[in-house]
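With the sequence shown counted from 1, adding 33 to any position gets you this note's numbering.
Yeah, the Cβ is synthetic: ideal placement off N, Cα and C, and Gly gets one too.
No experiment lies behind these values; they were computed from the predicted model shown.
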Amino acid sequence: MLYSRISSGLDFLDASIGGLYSNRCYLLRGPGQSGRTTVGMQFLLGGLENGESTMMISNDRIENVILKSEAMGISLESYLMDNRLILMEYPKEIGENFQYSHIINLLGEVEQYLQHYNCTRLVFDTLIPLLSNQQGTQLVNYIYSLINSLEELKVTTLVTMGELNSAPAQRITQLLEDAVVGSFVLSDMTTVKGQNRIFSVHKMVDNMKPPTAFKVKIEYGSGLILDYETPAASSISAPATVRSKDILDIPINVALFDTDEESLNHLEEIFHPDSQIMMFESHEEFILQSAVMDFDFAVLSASSLLGNWNTILRKIKDEFPKMPSFIIVDAANKMRANQVARQSGADALFVNPIDPEDLLGALIKTLKRYKTLDSILNKKRAFISSSEMPDDFGDENGNGFGGEDLSEETAHLITPQNFREKLHQQVWRSKQNESTFSLVSLKMVSMRGNPQHEHVQQGLELVKRVAMISQSTLRGMNDYASRYMDKVVILLDDTDKVGARAFEKRVIKELRTELFSQLNLQIGKHLNVLGAKMTFPEDGNDADELMHQVTDVSSNLTKLIN
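Right, here's the structure in full:
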């Protein structure tokens, strides 16, 4: 290619325009706090991550640039130590009064740095100190001369500036946009849903009608990324990639340590209802449970930081180096948590209340970095809702129950989503009628003496057997059953705690006598069946609370029995 391109550091922009032309100058403008410095740093990181050396000239103190980047989850320490990132402040004389000699001296000094460290990218954040107050032809000549001088440095340059409102200032903005090869704008757009951050492409020299708008947000650890919740006013479609909804569509296993209720509630609202979210008080508990359960990522959260966080995270990273680990804290503990995150190797840090898109975006990015995203998506396909049973649950040799048609046995099982809707309706109806109902959760537990590959086929057999038993046992039109991952949850209308206990015992007894003998397995040695029950309003008067309790009790029983 005659004119080579490089990454802009913004994935969505590269997917749309194909990257930036190397050794040319680009303009980024926007109001204060819009993310100009963040985008500038992402532009530099796009090169640093490929082994390039880069440089930034800032109107801010170098210490502040580093602190702001650290606060965004972007660590610069290794690049600074390797002299691959050069940070420089504007000389004081440039800010005091405008003189051509000062500009010439600065550009000469910058050129020496670029050549000495073999830099390929340069950011001026901001360009304002270099702008002249001249008018007319002199101003035009100066702006074009300035941009030409920057391009003669033979590096790809991004210059930033704030929004200038006066007529002379707007003239300077127009001249800059005419002189550069491409220009971008960060702005806020007010809608009925509130403020939206918009990234616009105003000019691309090779495109008369460049794409105009992307709805974006700033995410901790990632910088400026696409916001998929509401599309921007643009014809641009998002690049084909894994999005947050792809994680929401599958149940995942989450290990939580020292977790406060606020973080737990947020996580339960974010993830698929079939997800297993288990709480641990120690690393040892987690290791024991991980012997019988594969966890996808770990979360440490507390209203006040505990002294053993660093130890727990380090042990997790030592034993599960490719398992993402996040920290969630209250705002008051953010500074201390940042230190723990850096020391322990945590992948991301969040402050309550958690933004679901931020957390999911960080999880996807981390899984991609560890190259484990595809395996997570693939291994979870087995745990889709009961209305979409997988074709093959056999082992790797095709043995077991692979290929069996479950549609007849599980026809009366409703999907988890429909079950939750029925549960909400049942709560409302019971409140109106001052009546009661119960939830019963049944779970197959694979013991340590049981070969791991047999766990799935036994779980499938449990679903089949419970489905058959519950079908013959469910009495009324308001009784329902659904499959939740490795559990079957049953709603019993007009049933108190005594009735729920009797139902649970009857089902478990039949399972233990028929299913276990059929599989030639010993109860307590190879596997077990656990039951949990919750009754309205005795154990809770909210649908989500009851659902959480009945599934959480089942999970905690699994911990105890193992």
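Close-in-space but distant-in-sequence residues of the same chain around residue i (CB under 8 Å, 5 per side omitted)
i: residue 574; result: 460 and 464
i: residue 67; result: 219, 220, 221 and 230
i: residue 205; result: 164, 172, 176 and 197
i: residue 47; result: 40 and 41
i: residue 441; result: Residue placement at residue 441 cannot be trusted, given a pLDDT of 44 that sits under 50; what the coordinates show is reported in the next sentence. Here the set comprises nothing.
Own chain, CB closer than 6 Å to residue i, minus 5 neighbours either side, in chain order
i: residue 252; result: 258, 391 and 394
i: residue 303; result: 389
i: residue 37; result: 55
i: residue 254; result: 106, 381 and 395
i: residue 121; result: 90
C-alpha distance - residue i paired with residue j, whole-angstrom precision
i: residue 148; j: residue 119; result: 12 Å
i: residue 305; j: residue 57; result: 46 Å
i: residue 579; j: residue 346; result: 32 Å
i: residue 247; j: residue 45; result: 8 Å
i: residue 396; j: residue 357; result: 7 Å
i: residue 287; j: residue 190; result: 43 Å
i: residue 299; j: residue 310; result: 11 Å
i: residue 224; j: residue 142; result: Caution applies to residue 224, whose pLDDT of 44 falls short of 50 and renders its modelled position unreliable; the value that the coordinates give is listed next. Rounded to whole angstroms, residue 224 to residue 142 spans 46 Å at the Cα level.
i: residue 77; j: residue 234; result: 19 Å
i: residue 319; j: residue 400; result: 20 Å
i: residue 181; j: residue 139; result: 15 Å
i: residue 52; j: residue 102; result: 23 Å
i: residue 451; j: residue 290; result: 31 Å
i: residue 186; j: residue 250; result: 32 Å
i: residue 285; j: residue 135; result: 59 Å
i: residue 212; j: residue 366; result: 47 Å
i: residue 146; j: residue 89; result: 11 Å
Residue environment, residue i, which counts as buried when at least 16 other CB atoms sit within 10 Å
i: residue 398; result: buried
i: residue 414; result: Only weak support exists for where residue 414 lies, its pLDDT of 42 falling under 50; the coordinates are left without a value.
i: residue 542; result: exposed
i: residue 79; result: buried
i: residue 125; result: exposed
i: residue 91; result: buried
i: residue 106; result: buried
i: residue 75; result: buried
i: residue 133; result: exposed
i: residue 194; result: buried
i: residue 43; result: buried
i: residue 315; result: exposed
i: residue 537; result: buried
i: residue 114; result: exposed
i: residue 94; result: exposed
i: residue 422; result: Only weak support exists for where residue 422 lies, its pLDDT of 32 falling under 50; the coordinates are left without a value.
i: residue 256; result: buried
Option in the options with minimal Cα separation from residue i
i: residue 564; options: 583, 404 and 572; result: 583
i: residue 161; options: 521, 127 and 182; result: 127
i: residue 360; options: 333, 350 and 471; result: 333
i: residue 378; options: 400, 396, 457 and 351; result: 351
i: residue 539; options: 576, 475 and 567; result: 475
i: residue 544; options: 521, 308, 531 and 233; result: 521
i: residue 368; options: 85, 60 and 104; result: 104
i: residue 156; options: 536, 298, 71 and 343; result: 71
i: residue 73; options: 467, 98 and 85; result: 98
i: residue 112; options: 101, 87 and 96; result: 87
i: residue 260; options: 238, 240, 239 and 232; result: 232
i: residue 216; options: 536, 179, 63 and 530; result: 63
i: residue 201; options: 211, 182, 172 and 181; result: 172
i: residue 596; options: 137, 204 and 197; result: In the structure as shown, the chain begins at 34 and stops at 595. Residue 596 is therefore absent and cannot be evaluated.
i: residue 188; options: 85, 109 and 250; result: 85
i: residue 467; options: 151, 534, 571 and 403; result: 571
i: residue 39; options: 343, 153, 284 and 453; result: 153
i: residue 348; options: 122, 317, 146 and 577; result: 317
i: residue 372; options: 354, 353, 355 and 343; result: 343
i: residue 405; options: 211, 250 and 354; result: 354
i: residue 151; options: 110, 174, 81 and 576; result: 81
Residues near residue i by beta carbon distance below 7 Å, same chain, minus five either side
i: residue 470; result: 459, 463, 524, 525, 526, 527, 528 and 569
i: residue 370; result: 338, 360, 362 and 382
i: residue 209; result: 60 and 176
i: residue 214; result: 54, 57, 58, 59 and 238
i: residue 581; result: 301
Three-state secondary structure (DSSP) of residue i
i: residue 526; result: strand
i: residue 213; result: coil
i: residue 114; result: helix
i: residue 175; result: helix
i: residue 309; result: strand
i: residue 158; result: strand
i: residue 405; result: coil
i: residue 379; result: coil
i: residue 105; result: coil
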